[in-house]
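Below: one structure, written as structure tokens.
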Amino acid sequence: MKNYGSDRIKNIGLFAHSGAGKTSLAEAMLFTSGAIDRLGKIDEGNTTCDYDPEEIKRRISISTSLAPLEWKDYKINILDTPGYFDFVGEVKSALRVVDGAVIVTCAVSGVEVGTEQAFKFTEEHGLPCIFFVNKMDRENANFYKVLEKIREFFGQRAIPFQLPIGQEANFKGVVDIVHQKAYAFDGKSVKETPVPDDLKGDMENYRFMIMEAAAEADDDLLAKYLEGEELTGEEIEKGLKIGVKTGRIYPIVCGSSLANKGIQLLLDTICCYMPSAVEGKAEVGKNPRTGSEEKRECSSGEPFSAIVFKTMADPFVGRLNLFKVCSGVLRPDTMVYNATRGVAEKIGHIYFMRGRKQENAEAAVAGDIVAVAKLQNTYTNDTLCDKDHPILLNTIDFPEPVISFAVEPKSKGDEDKISSGLARLTEEDMTFKVAKNNETGQLLVSGMGEIHLEVLAGKLASKFGSEVVLSVPKVPYRETIRGTAKVEGKYKKQTGGRGQYGHVWIEFSPIKSEEDFEFEEKIFGGAVPKQYIPAVEKGIREAMKEGVLAGYPVVGFKAVLYDGSFHPVDSSELAFKIAASMAFKKGISQAKPVLLEPIYELDVVVPEHYMGDIIGDLNKRRGRIMGMELKDGLQHIKAQAPLAEIFRYATDLRSMTQGRGWFSATFSHYEEVPAQIAEKIIAESGKKPVEEE
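Residue 1 is where the sequence shown starts when you use the UniProt record's numbering, and the numbers rise one by one after that.
Written out as structure tokens, the structure is:
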């Protein structure tokens, strides 16, 4: 690949609902441009961008893939992103480094929830976008129906730049409305052909719309247009370029990625209207030494800075970091500064990545996207820069995980391998978390959905040779008391030599805070010597780890040691510890023990027309609605629900709202479990009542 200046580099993300054909489109673009010599297919598992074993097996994109190509003296870095919401972290990564977007829409399915989400993301990031209506050769393909839906959902700024000549099996070309020309498809190229008579009327109508949009994008053109003067072809194109780059116009074009039709014209549209790296927004960051805000233009003359947007973990190659050079130039065998971690890093080889293939790069200029292997302390969201001109660039805002599963090895002895593999996967995926629940003893993995976690379990097996089983986690229930009890604990043992003797009277009572345990001693006259009192507290602390109802930790009680006795020879710390634990079991059993469950605060965001279903479902989950608020056309529902009822809520919510709803959950407090449910939990625990022990 030859060297390109920053003004000849375009970073374009492909976004869509899953199944709209992003990866097939990326493949067609690579093939048409000559970057690859064979058109791969998803069904055959041989595409450039979907190369992970899990992607091939499931026939969906799981991670964002980089694929540069050359077209008409431009270098276009294509970033093919996943469509499933489970992999939204990968989409967020790509959004951070692209300067424009192609939103792929199926000519049969039309605008789907993933299309809406993609458009929302591009709007949030201020990215210009093109709509590509794909699969025009499919049965039931209907360009005009999809065009209508795009304009209905995303506004009148979405304007057709092309009209199809035929559709379904007869899709054979397009009319270029801007230039009033028609093109017939001929393999990897197109040839000009007369505009069909039946499309001339539509072409004129839409050209009027295009001319109006072009005029509105530029004040001088608007003045001329309002005076009734005809805009020249050059003036229209100038206005359109301004309109597209500023997000006032969204071109709509069409084609078929599988049949490789319309791809040449899409590449032409990208080169003509999408901004180059230089025309994108300047980077704004903070100087870590002074705390002051600094700006970096996308120029090779500026000091070097880069943002790491993706990390790939490989058990053999090691870590591979993908980053966008935001300013300056990076060359192999140089030292850079990781401003995020305050360490220097040695850059070895620099690679251009095309799927999994690497090509050595002589240098990486501002605006380009490259990869570097074996950096020691660099991860996703880190800023690399010139040590003499440090800067911390804005990071990617990754969403928090919404679902958790317990993970266990299929084979005993694999614990260390699993731990190491999971650690590497968390480096690769910022929406994946691993934590040990100390109360239940389970290792928990958390992510954006069930498919997300299943895929990571698959990666653990294929990459690190560790097979695991995922299961719904145990609920960390707790136990407490609602009454008061005064009990005796006496431990007496004679074994021929020195015996053991410990004797206590303890009062157990509830306290307001259900998190704490309080211990107090009110011993008079030395009934229990001072040196044994810490052992009494220790005995209770150890015993409270396992309650009398179902074996869960006991909280929210006070223990007062008020009497007891001792033996001058046989008493010991161990004896008093055991006596205290005996008193604990007896006392808690008599003080009206109850089971507690964790309650979570939910913030559920859904379109208004799903409100009835969501509230009904929350009620079934023993949830309480705490409040509702309408913001930006979406209902924000504040609710509280038991953890036991929301383990799979992420999956169920998506199903109920067709993927349009989302939620966040944070721990709130513990509450008493309803009697009927508590009975079932206690029965399932298999714990015998204290009296029978």
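Don't be surprised by glycine CBs; every beta carbon is placed ideally from N, CA and C.
- Among the bridge pairs identified by DSSP, CYS254 is matched with VAL133.
- Of the candidates TYR74, ASP563, LEU66 and SER61, the residue whose Cα lies closest to the Cα of LYS2 is TYR74.
- Contact between ILE42 and SER24 holds, since their C-beta atoms are separated by about 6 Å, short of 8 Å.
- Considering only ARG59, ARG58, ALA67 and ARG8, the residue with the shortest C-alpha distance to LEU14 is ALA67.
- With respect to the C-alpha of ALA366, the residue from ASN142, ALA457 and VAL325 having the closest C-alpha is VAL325.
- Contiguous beta strand (DSSP E) elements confined to the stretch 71-107 occur at 74-80 and 100-106, taking only those with 3 or more residues.
- For the pair ILE159 and ILE249, the CB atoms are nearer than the 8 Å cut-off.
- Beyond the five residues adjoining it in sequence on each side, GLN590 comes within less than 7 Å, by CB distance, of ALA485 and VAL487 in the same chain, given in chain order.
- Per DSSP, the unbroken alpha helix (DSSP H) holding GLN676 starts and ends at 675-685.
- Apart from the 5 residues on each side of it in sequence, ALA339 sits with its Cβ closer than 7 Å to the Cβ of PRO288, THR383, CYS385, PRO390, ILE391 and LEU392 in its chain, given in chain order.
- Where HIS669 is concerned, the enclosing beta strand (DSSP E) starts and stops at 662-672.
- In the DSSP assignment, LEU595 is bridged to GLU479.
- When the five nearest sequence neighbours on each side are left out, the beta carbons in the same chain lying within less than 6 Å of the beta carbon of ARG151 are those of ALA158, in order along the chain.
- For ALA559, the uninterrupted beta strand (DSSP E) run begins and ends at 557-565, by DSSP.
- Relative to the Cα of ILE682, the nearest Cα in the group GLU546, ASP617, SER581 and ALA650 belongs to GLU546.
- Judged by DSSP secondary structure, ASP516 falls outside any beta strand (DSSP E); it is assigned neither H nor E.
- In terms of CA proximity to LEU618, ALA639 leads the group TYR610, ALA639 and LYS631.
- DSSP places PHE121 inside the alpha helix (DSSP H), whose first and last residues are 113-124.
- Put simply, of VAL97, ASP99, THR64 and ILE76 the residue whose alpha carbon is nearest the alpha carbon of PRO82 is THR64.
- Taking 8 Å as the cut-off, the beta carbon of VAL445 is found no closer than this to the beta carbon of GLU507.
- SER327 sits away from ILE9, with the two beta carbons spaced by 8 Å or more.
- If you draw a straight line from the Cα of PRO568 to the Cα of ALA580, it comes to about 19 Å.
- In the three-state reduction of the DSSP assignment, GLN162 falls in the strand class.
- Cβ atoms of VAL370 and PHE323 come within 8 Å of each other, at about 7 Å.
- CYS272 and ARG424 have their C-alpha atoms spaced approximately 41 Å apart.
- Within the DSSP secondary-structure output, ALA184 pairs in a beta bridge with GLY173 and LYS191.
- Counting along the chain, GLY587 sits inside the alpha helix (DSSP H) bounded by residues 573-590.
- Just so you know, the alpha carbons of GLY247 and PHE119 end up roughly 12 Å apart.
- When secondary structure is reduced to three states using DSSP, GLN494 falls in the coil class, being assigned neither helix nor strand.
- Partner residues in the beta bridge of VAL308, as assigned by DSSP, are PHE323.
- In this structure, ARG654 places its C-beta atom within 8 Å of the C-beta atom of PHE85.
- In the structure shown, HIS636 falls within a strand segment according to DSSP collapsed to helix, strand and coil.
- Look at LEU30 here: in three-state DSSP terms it is helix.
- Distances from the CA of LEU330 to each of LEU549, ASP137, SER299 and LEU258 were compared; the closest alpha carbon is that of SER299.
- Contact annotation: ALA217 and TYR225 have beta-carbon atoms that are not nearer than 8 Å.
- Membership of GLY285 in the beta strand (DSSP E) is indicated by the continuous run 283-286.
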